[in-house]
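**Student:**
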Amino acid sequence: MPKKEFEYHLRIPSRTDNLELIREFVSKVAAMVGFNEDDVGKIELACDEACSNVIKHAYENRNGNRRLDVLIRCDLKKFTLIVTDHGKGFDPTKIKMPDMKEYLAELKVGGLGIYLMKTLMDEVDYSIKPGMRNQVKMVKYLINKKNSSAVFVGGNRE
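Counting with this note's numbering, you get residues 34 to 191 for the letters of the sequence shown.
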């Protein structure tokens, strides 16, 4: 009987020059399970924002001194992406979603990472234990109202 779920794990130094490798890893797996090009791009961007936030905020731009873990779990219903760090935490309830009209009118730069993750993915949850372990878990459903074209086709089927 074929396996109905699988996971891939990437452990990598927290360096900005590794963001390209992380994006490639995530986009390859997302495409393999059947997401269309648009949804692969959304997943890739959400992951890039999460990893960039870790490097910039949790690890305070100490490139390469700490590790970053990217775990992908996929089953017949959903694609789950978990980014884990061991740096400085934050209180996600204190992060306010931007007023986009105001943001654009003021020509602001940056500060949209969490907004983008929540907009691009179906679910975004946090588990924060400062100095120990912080995780952002993002889910994209394989078939739903937002994404009716994805079909599970990949994974380690045996």
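Every residue gets a Cβ at the ideal spot worked out from N, C-alpha and C, and that includes glycine.
No experiment lies behind these values; they were computed from the predicted model shown.
Tell me Ile76's beta-bridge partners as DSSP assigns them.
**Tutor:** Ile76 is not bridged to any residue.
**Student:** Could you check if Ser181 is buried or exposed, using at least 16 other CB atoms within 10 Å of its CB as the buried criterion?
**Tutor:** Summary for Ser181: the model assigns pLDDT 46, below 50, so the residue's position carries little reliability; its value from the coordinates is reported in the next sentence. Under this definition Ser181 is an exposed residue.
**Student:** Measure the alpha-carbon distance for Pro173 versus Leu52 and round it to whole angstroms.
**Tutor:** In the sequence as presented, Pro is not what sits at residue 173; that position holds Lys. The alpha-carbon atoms of Lys173 and Leu52 are separated by roughly 20 Å.
**Student:** Alpha carbons only, please: which of Glu77, Gly120, Phe58, Leu43 is nearest the one belonging to Met171?
**Tutor:** It is Glu77.
**Student:** Given a cut-off of 9 Å on the beta-carbon distance, is the pair Ile161 and Phe123 in contact?
**Tutor:** Cβ atoms of Ile161 and Phe123: closer than 9 Å.
**Student:** In whole angstroms, what is the alpha-carbon distance linking Val62 and Val73?
**Tutor:** Rounded to the nearest angstrom, the two C-alpha atoms are 9 Å apart.
**Student:** I need the DSSP call for Arg44, collapsed to helix, strand or coil.
**Tutor:** Strand.
**Student:** Please look up how many angstroms separate the CB atoms of Ala91 and Met150, rounded, as I've assumed it's under 8 Å.
**Tutor:** Rounded, the Cβ-Cβ distance is 15 Å, inconsistent with contact.
**Student:** Which stretch, first to last residue, makes up the alpha helix (DSSP H) that contains Met154?
**Tutor:** Run containing Met154: none; DSSP gives neither H nor E here.
**Student:** With DSSP collapsed to three states, give me the class of Ile55.
**Tutor:** If DSSP states are grouped into helix, strand and coil, Ile55 belongs with the helices.
**Student:** With a CB to CB cut of under 7 Å and the five nearest residues on each side skipped, what residues in its chain are close to Arg166?
**Tutor:** Answer for Arg166: Thr117, His119, listed in chain order.
**Student:** Have a look at Thr152, Phe112, Met154, Glu156 and flag the residue whose alpha-carbon is nearest the alpha-carbon of Leu175.
**Tutor:** If we check each option's Cα against that of Leu175, Phe112 comes out closest.
**Student:** Considering only residues of the same chain and omitting the five flanking positions on each side of Val169, which have a CB-CB separation below 6 Å?
**Tutor:** Closer than 6 Å at Cβ, skipping near neighbours: Ala83, Val116, Tyr159.
**Student:** Taking the continuous beta strand (DSSP E) assigned at Lys111, which residues delimit it?
**Tutor:** 111-118 is the span of the beta strand (DSSP E), which, as asked, contains Lys111.
**Student:** Considering only the beta carbon of each residue, do Arg44 and Asp81 sit closer than 9 Å?
**Tutor:** The answer is no: Cβ separation not under 9 Å.
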